[in-house]
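Notes for the one structure printed next.
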Amino acid sequence: MGKQAAFTVIALLAVGLLLAAGCSRPWRSYEAVLVLSDIAAADSPSRLKHTTRKPQRITVGYWTDGRMGQGDLYRPAAETRAALLLIPGVAETGKDDPRLVAFATTLARAGFAVLVPDLFRLRQLQVSPADVGEVADAFDWLVSDPCLAPQGRAGMAAFSYAAGPVLLAAREESIRARVRFVFVVGGYYDLPQVLTFFTTGYYRHHQQWHYLRPNDYGKWAFVAANLHHLEAANDRRLLREMAERKQLDPAAPVADLAAGLGAEGRTLYALINNRDPQQTPALLAALPATVRSDLRTLDLANKDWSHLAARVILVHGLDDPMIPFPQSVALAEALPKGRSKLFLVRGLVHVDVAPGLPDRWRLWRAVKSLLAARDGKL
1081 MGKQAAFTVI
1091 ALLAVGLLLA
1101 AGCSRPWRSY
1111 EAVLVLSDIA
1121 AADSPSRLKH
1131 TTRKPQRITV
1141 GYWTDGRMGQ
1151 GDLYRPAAET
1161 RAALLLIPGV
1171 AETGKDDPRL
1181 VAFATTLARA
1191 GFAVLVPDLF
1201 RLRQLQVSPA
1211 DVGEVADAFD
1221 WLVSDPCLAP
1231 QGRAGMAAFS
1241 YAAGPVLLAA
1251 REESIRARVR
1261 FVFVVGGYYD
1271 LPQVLTFFTT
1281 GYYRHHQQWH
1291 YLRPNDYGKW
1301 AFVAANLHHL
1311 EAANDRRLLR
1321 EMAERKQLDP
1331 AAPVADLAAG
1341 LGAEGRTLYA
1351 LINNRDPQQT
1361 PALLAALPAT
1371 VRSDLRTLDL
1381 ANKDWSHLAA
1391 RVILVHGLDD
1401 PMIPFPQSVA
1411 LAEALPKGRS
1421 KLFLVRGLVH
1431 VDVAPGLPDR
1441 WRLWRAVKSL
1451 LAARDGKL
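Under the numbering used here, the first residue of the sequence shown is numbered 1081, with each subsequent residue one higher.
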């Protein structure tokens, strides 16, 4: 029996047990099985694909207060039950990333009208404070159409570093009251702590330092994303070449390039070359002012979340090598009491949806929560 089929059988047995115990909303429980199985199946056949028609994917342009945006809209072939703004991750493929396309298609099969905006900076591997306004604009357009957001049911979803602009947009006064829910996978909370982790491998949990080997991609992506802040063209050139070498081969030597860096370039190189978590605060303080300004703006730990109206569903892998799981724990604690649900799972960074039954169970509960949000029942 294949892994996807095995998961479906196990999950169906779990739903059966819930029904026997008198659990309410049995259809939503079963539907969560179908959705999660389809995510695991990717482009392969699944029960959800067999029982639903393929959603329509169309390119749309939209205007919000004179500002233009565009993206892909996935419309369910059957009833539209809620709108979802799905933000692409920090990847060159952006809205056309095959994994994102598959995920958006699955959600559209489940009754979401899904808008995936084309955010230029994310395709340039940059996360910018300007992304917050673009996310808010896209949501404003999406929720304004009652055919896409019936009875105003609408939310947002994001992965990894894109979670920051999404959550910050959900605080914006222009849309705050209309964002019913936010779904975040592998998001961050405290940017200085994240920078400490992906440069040194150390993160704090329960007031103790822990070590997990980080994915080197993160720190070199950070370098590439901040090159535009450096005034010296030579610094930008040398650091860009470093990032390209390291992304091809993490063991590639770059000392020859580092020797030619100017003052600003050396501050960025010193940060990503650091291995001592105790040194990170001083190294961050030495970065160019514009870099520090963006970090402060995109940081979630220095914000007041007491007025957030949305309910937030957080999913994080316990072995995430890009952003450590205590970030989602801290975010859940910072949000208004009773407005968040946190699901920690093992294996989320691997090809399988989850390797063990307890983690599949948690992912099923997370998907069921998302479907409840779709129906206004979270």
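Backbone N, C-alpha and C fix where the C-beta goes; we use that ideal spot for every residue, glycine too.
Query                                                                                                             : Result
Inter-stretch contact (C-beta, 8 angstroms, three-pair minimum) for the region 1259-1268 and the region 1287-1296 : no
Trp1385 vs Pro1416 beta-carbon contact at 9 angstroms                                                             : yes
Unbroken alpha helix (DSSP H) run spanning Ala1414, endpoints                                                     : Pro1406 to Ala1414
Contiguous alpha helix (DSSP H) assignments of at least 4 residues, all confined to the region 1344-1385          : 1360-1365 and 1369-1378
Beta-bridge pairing of Pro1197 - partner residues as DSSP gives them                                              : Gly1151
Sequence-distant residues of its chain with Cβ nearer than 6 angstroms to Thr1280 (five each side left out)       : Arg1355 and Pro1357
Straight-line gap, Pro1330 to Pro1178 (C-alpha atoms, nearest Å)                                                  : 25 angstroms
Status (buried if at least 16 other CB within 10 Å, exposed otherwise) for Leu1114                                : buried
Stretch pair the region 1360-1374 + the region 1217-1226: three plus CB contacts closer than 8 angstroms          : no
Straight-line gap, Pro1368 to Leu1310 (C-alpha atoms, nearest Å)                                                  : 8 angstroms
Three-state secondary structure (DSSP) of Val1089                                                                 : Note that Val1089 scores 49 on pLDDT, short of 50, meaning its location in the model is unreliable and no value can be drawn from it.
Anticipated Cβ contact below 8 angstroms, Phe1302 with Ala1390, distance rounded                                  : Wrong, their Cβ atoms sit about 28 angstroms apart, outside the cutoff.
Which residues DSSP lists as bridging Ile1393, in chain order                                                     : Phe1263 and Lys1421
Euclidean distance between Cα positions of Ser1117 and Leu1398                                                    : 21 angstroms
Straight-line gap, Gly1141 to Ala1193 (C-alpha atoms, nearest Å)                                                  : 15 angstroms
Rounded C-alpha distance that separates His1285 from Ser1449                                                      : 26 angstroms
N- and C-terminal bounds of the alpha helix (DSSP H) containing Arg1108                                           : Pro1106 to Ala1121
Nearest-angstrom Cβ-Cβ length linking Thr1144 and Asp1220, presumed shorter than 8 angstroms                      : 5 angstroms
Buried or exposed by the 16-neighbour rule on C-beta atoms within 10 Å, applied to Trp1107                        : exposed
Cβ-heavy atom distance, Asp1177 to the ligand GDP, below 8 angstroms                                              : Absence of the ligand GDP from the depicted structure is noted, as is the absence of any ligand whatsoever, leaving it without description.
CB of Ser1408 within 9 angstroms of CB of Leu1428, strictly                                                       : no
Assigned exposure category for Ala1312 - 16 Cβ within 10 Å defines buried                                         : exposed
The region 1118-1134 / the region 1164-1177 touching (three or more Cβ pairs under 8 angstroms)                   : no
Strand pairing of Phe1239, partner residues [DSSP]                                                                : Val1265
Secondary structure, beta strand (DSSP E): runs of 3+ residues fully inside the region 1266-1324                  : 1282-1285 and 1288-1291
Short Cβ contact (9 angstroms threshold) for Leu1166 with Ala1121                                                 : no
Gln1136 - DSSP class collapsed to helix/strand/coil                                                               : strand
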